[in-house]
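Working notes, structure below.
Residue numbers (this note's numbering), protein chains in the order written: chain W, 103 to 373; chain R, 103 to 373; chain Y, 103 to 373.
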């Protein structure tokens with residue numbers, strides 16, 4: 103497995119239209135894995151910028167009327183160029199604007215991957231997810247009991263959309279409609295920092311750009327990298343350090359990660 | 103005293119319309135104390151988002167025509183729902199737009215708490231504060247000599263506005279017009295990082311959301327937590343570390359803080 | 103040499119119209135060197151804000167129709183007040199909007215310093231730079247072979263624009279058309295974090311504000327400080343730390359830097 107090495111050799115350029123809350127960490131995690139980020143969200147800028155990139159990651163975390171337009175313009179251009187397209191529907195289910203925007207983006211643009219928490223993905227699949235702000239609601243939580251059923255409706259949703267669906271939480275899922283990676287990496291402390299989801303969506307875009315011939319595995323390995331980085335970062339945390347330092351160390355861990363570490367540390371099964 | 107435990111149990115959702123300079127630290131400090139942040143500033147998004155939250159923190163640090171509208175829309179909605187409302191008038195006194203916007207927000211919306219530096223609060227109280235950019239001017243500095251007089255006019259301003267007034271600086275003040283907490287936590291190094299004020303305003307919103315029955319104490323304890331976190335973070339700073347690492351360690355310290363630590367470390371008197 | 107001491111004594115206020123990707127690090131590095139940052143980008147706010155400042159740093163990293171207007175308004179006001187003006191043409195060459203905006207800003211406003219990577223500066227000098235997103239293209243790389251020629255066209259471009267031109271990369275150049283500082287500080291790891299360029303532009307604005315009587319040396323020393331901070335930060339990096347922690351430690355190193363360290367560590371020649 104030379105997934106990470108491959109990203110570092112190909113150094114894909116990733117255009118991010120993303121929220122201003124987590125944008126700095128998003129840029130640094132893209133750099134950490136060996137790719138390059140470019141942020142641009144003006145309607146007159148996005149076509150040129152996305153044209154020189156390999157992939158586009160659209161994150162609706164702090165969407166507004168101006169940037170929504172740019173998302174459609176950039177998305178259509180990226181699609182016409184056969185670039186990798188990833189959607190992060192932050193807060194779908196929490197407001198009508200977010201839900202509507204995500205749904206409309208999915209209608210007008212074909213995404214290679216859609217990544218969200220379970221409540222956001224439930225919302226988009228028409229299963230009335232109980233998004234609690236930008237976090238999944240505990241009533242939507244996936245556990246060992248409903249795991250099999252979750253895998254099934256995610257596969258179904260993936261077939262309907264033609265997109266790889268990635269759901270992250272205590273247990274992560276990445277499916278292309280046929281196979282589903284069920285991933286058990288990560289650490290509970292990751293919930294106490296902002297932006298691990300946003301970061302993962304951009305990281306995943308870079309991985310899929312570099313591994314287009316096997317998008318499902320590339321996306322699943324990006325999810326493993328993020329979770330494993332959370333585990334590694336935890337081991338280096340001093341007693342007096344907390345969530346803010348932890349956030350930086352997760353990016354550090356991605357920066358230092360090798361394919362050997364990934365192979366040893368990735369905890370997944372394919373269903 | 104179970105102030106922090108209370109926040110961690112209630113896990114309030116805090117809607118922040120805030121500046122893009124310090125937004126990531128604001129999100130992480132809200133998470134650090136056990137609450138959840140949501141950032142949203144589009145006029146079509148803010149009503150839905152604020153409706154699912156417990157409180158709204160409006161910070162005018164990088165205000166613009168578009169987001170000013172959203173502040174009023176969100177503020178009115180939050181008020182109609184009896185949510186906790188906090189205003190951080192960043193840079194009031196430094197520009198006419200900032201002063202006007204803060205004054206108009208205070209007219210149209212009732213804030214539970216208004217938190218600023220001494221120059222910003224002087225400006226809003228019509229006492230011609232000498233805001234030096236986003237920092238208080240040294241000519242406005244509160245010292246032992248003018249402390250008593252400061253407490254008096256702050257109480258007066260609190261009674262006039264019906265808002266708890268929180269002023270932070272070398273000495274901090276939190277008053278509801280009757281009682282005034284005079285707080286002496288904090289470290290001089292906090293002045294060398296951006297965003298401690300913004301972070302405190304959001305932290306304070308979370309504390310008041312969780313402790314509505316005693317807003318004054320909740321607000322005052324949030325101020326103590328921030329200052330104490332600055333003191334604790336300082337003790338762990340290596341010789342080669344400086345303001346940027348310090349900024350993260352302050353959030354870490356909030357993340358690790360217990361009510362026992364707060365009780366031992368809070369340095370205040372009530373006047 | 104008392105360059106840093108001078109900044110810390112004069113504590114200049116720097117108005118930044120800058121991108122939201124790196125804005126927090128920009129604010130903290132300005133504070134780290136002893137100056138104060140203010141971010142403001144609304145057309146109705148920027149004139150008041152820039153008036154109370156000593157310098158203005160315009161960074162087009164996430165430009166949009168709204169903020170482009172503000173850049174011109176702020177720039178003209180700052181110029182009329184004889185303030186220090188610095189341009190960071192992020193991504194010039196990567197999109198027509200960026201190139202056009204940078205060129206137009208240079209036409210309408212006189213900048214004391216223009217700082218970019220070699221591809222951005224080549225683009226502005228009409229030499230068809232091959233900007234790879236927001237990074238310089240490897241085909242534009244300066245090495246020992248083309249160094250002399252590079253110094254010559256940079257001097258020429260500086261004379262034509264009347265601006266100090268600062269180009270950063272493996273080797274850095276700072277020229278006023280007569281003299282050119284060729285600087286060899288820095289560490290390769292700096293390429294793996296976002297925003298060192300943006301941070302340097304703001305740091306440089308602070309240095310020139312404090313050292314207007316010798317702008318060239320002030321600008322060159324800011325470049326040395328940034329590179330040296332990158333070297334110092336590297337020496338303190340634990341094996342498990344990576345690019346994200348490194349980013350903070352660079353700012354820390356600026357915060358702790360003394361003129362003695364700078365004098366010992368600055369590696370430059372004047373051509």
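Note that the Cβ used here is the ideal one computed from N, Cα and C, for glycine as well.
Practice problem: Using a Cβ-Cβ cut-off of less than 8 Å, list which residues of the region 196 to 220 of chain W approach chain R; keep chain order. | Solution: 196, 197, 198, 199, 200
Exercise. Name the two residues that bound the continuous alpha helix (DSSP H) containing residue 454 of chain W.
Key: Only positions 103 to 373 of chain W appear in this structure, which leaves residue 454 of chain W out of reach.
Quiz prompt | Span of the beta strand (DSSP E) around residue 263 of chain W | solution = Segment 249 to 263 is the alpha helix (DSSP H) holding residue 263 of chain W; no beta strand (DSSP E) there.
Exercise. Rank Y/103, Y/244, Y/154, Y/147 by C-alpha distance to the C-alpha of residue 171 of chain Y and give the top, closest one.
Key: Y/147
Quiz item: Can you tell which of Y/245, Y/164, Y/307, Y/117 has the C-alpha that lies nearest to the C-alpha of residue 268 of chain Y?
Solution: Y/307
Exercise. Would you mind listing the beta strand (DSSP E) stretches within the region 280 to 359 of chain Y that are 3+ residues and don't spill past its ends, in chain order?
Key: 282 to 285
Exercise. Taking residue 138 of chain Y as part of the beta strand (DSSP E), name the residues at either end of that continuous run.
Key: 138 to 141
Quiz item: Going by beta carbon distance, what residues of the same chain come within less than 8 Å of residue 365 of chain W, once the five residues before and after it are set aside?
Solution: 103
Practice problem: Using a Cβ cut-off of 8 Å (strictly closer), state whether residue 115 of chain R contacts chain W. | Solution: yes
Practice problem: Mind checking the region 234 to 254 of chain Y against chain W and listing, in chain order, the residues whose C-beta falls within less than 8 Å of any C-beta there? | Solution: 234, 235, 236, 237
Self-check item: residue 111 of chain W versus residue 187 of chain W: straight-line alpha-carbon distance, rounded
Solution: 21 Å
Quiz item: Does the separation of the CB atoms of residue 197 of chain Y and residue 119 of chain W fall below 8 Å?
Solution: no
Quiz item: Can at least three beta-carbon pairs, one atom from the region 127 to 134 of chain Y and one from the region 355 to 363 of chain R, be found at a separation below 8 Å?
Solution: no
Quiz item: Listing by chain order, which chain R residues have their CB less than 9 Å from the CB of residue 288 of chain W?
Solution: Those do not exist, as residue 288 of chain W stays about 16 Å from chain R at its closest Cβ, beyond 9 Å.
Practice problem: Below 9 Å between beta carbons is the criterion; list the residues of the region 132 to 148 of chain W that meet it against any residue of chain Y, in chain order. | Solution: 132, 133, 134, 136, 138, 139, 140, 141, 142, 143, 144, 145, 146, 147, 148
Quiz item: Do you know offhand how far residue 286 of chain W's Cα is from residue 280 of chain W's?
Solution: 20 Å
Quiz item: Using a C-beta cutoff of 8 Å, does residue 272 of chain W count as contacting chain C?
Solution: The structure shown contains no chain C; the protein chains it does contain are W, R and Y.
Quiz item: Between residue 153 of chain W and the rest of its own chain, which residues show a CB-CB distance below 8 Å, the 5 nearest in sequence each way excluded?
Solution: 179, 183
Quiz prompt | Residues that residue 125 of chain R contacts on chain W, provided the C-beta gap is smaller than 8 Å | solution = 122, 123
Quiz item: So which residues of chain W does residue 129 of chain R contact, with C-beta pairs closer than 9 Å?
Solution: 123, 124, 295, 296, 297
Quiz item: Roughly how many angstroms lie between the CA atoms of residue 301 of chain W and residue 127 of chain W, to the nearest whole one?
Solution: 7 Å
Quiz item: According to a CB-to-CB cut-off of less than 9 Å, which residues of the region 339 to 350 of chain Y neighbour chain R?
Solution: 347, 349, 350
Quiz item: In or out: residue 202 of chain Y buried (at least 16 other Cβ within 10 Å) or exposed?
Solution: exposed
Quiz item: Which chain Y residues sit within Cβ distance under 9 Å of residue 161 of chain R?
Solution: Those do not exist, as residue 161 of chain R stays about 12 Å from chain Y at its closest Cβ, beyond 9 Å.
Self-check item: Run of the beta strand (DSSP E) containing residue 130 of chain R, from where it starts to where it stops
Solution: Per DSSP, residue 130 of chain R belongs to no beta strand (DSSP E); it is in the alpha helix (DSSP H), 125 to 134.
Quiz item: Between the beta-carbon of residue 299 of chain Y and the beta-carbon of residue 143 of chain Y, is there less than 8 Å?
Solution: no
Self-check item: Any chain W beta carbon closer than 8 Å to residue 167 of chain Y
Solution: yes
Quiz item: Mind checking if residue 164 of chain W is an interface residue toward chain R, Cβ cutoff 8 Å exclusive?
Solution: yes
Exercise. Round the Cβ separation of residue 161 of chain W and residue 260 of chain W to the nearest angstrom and send it over; I've been treating them as touching at under 8 Å.
Key: Wrong, their Cβ atoms sit about 20 Å apart, outside the cutoff.
Quiz item: Which residues in the same chain as residue 235 of chain Y place their Cβ atom closer than 6 Å to its Cβ, once the five residues preceding and following it in sequence are excluded?
Solution: 196
Quiz prompt | Rounded distance between the beta-carbons of residue 271 of chain Y and residue 382 of chain Y, thought under 8 Å | solution = Past the boundaries of the shown model lies residue 382 of chain Y; chain Y is included only from 103 to 373, so the question cannot be answered.
Self-check item: Neighbour-count burial assignment, residue 265 of chain R, 16 or more Cβ in a 10 Å radius
Solution: buried
Exercise. Determine the chain R residues that contact residue 358 of chain Y at a beta-carbon separation under 7 Å, and present them in chain order.
Key: 342, 344
Quiz item: In terms of residue numbering, what span does the alpha helix (DSSP H) encompassing residue 205 of chain R cover?
Solution: 198 to 210
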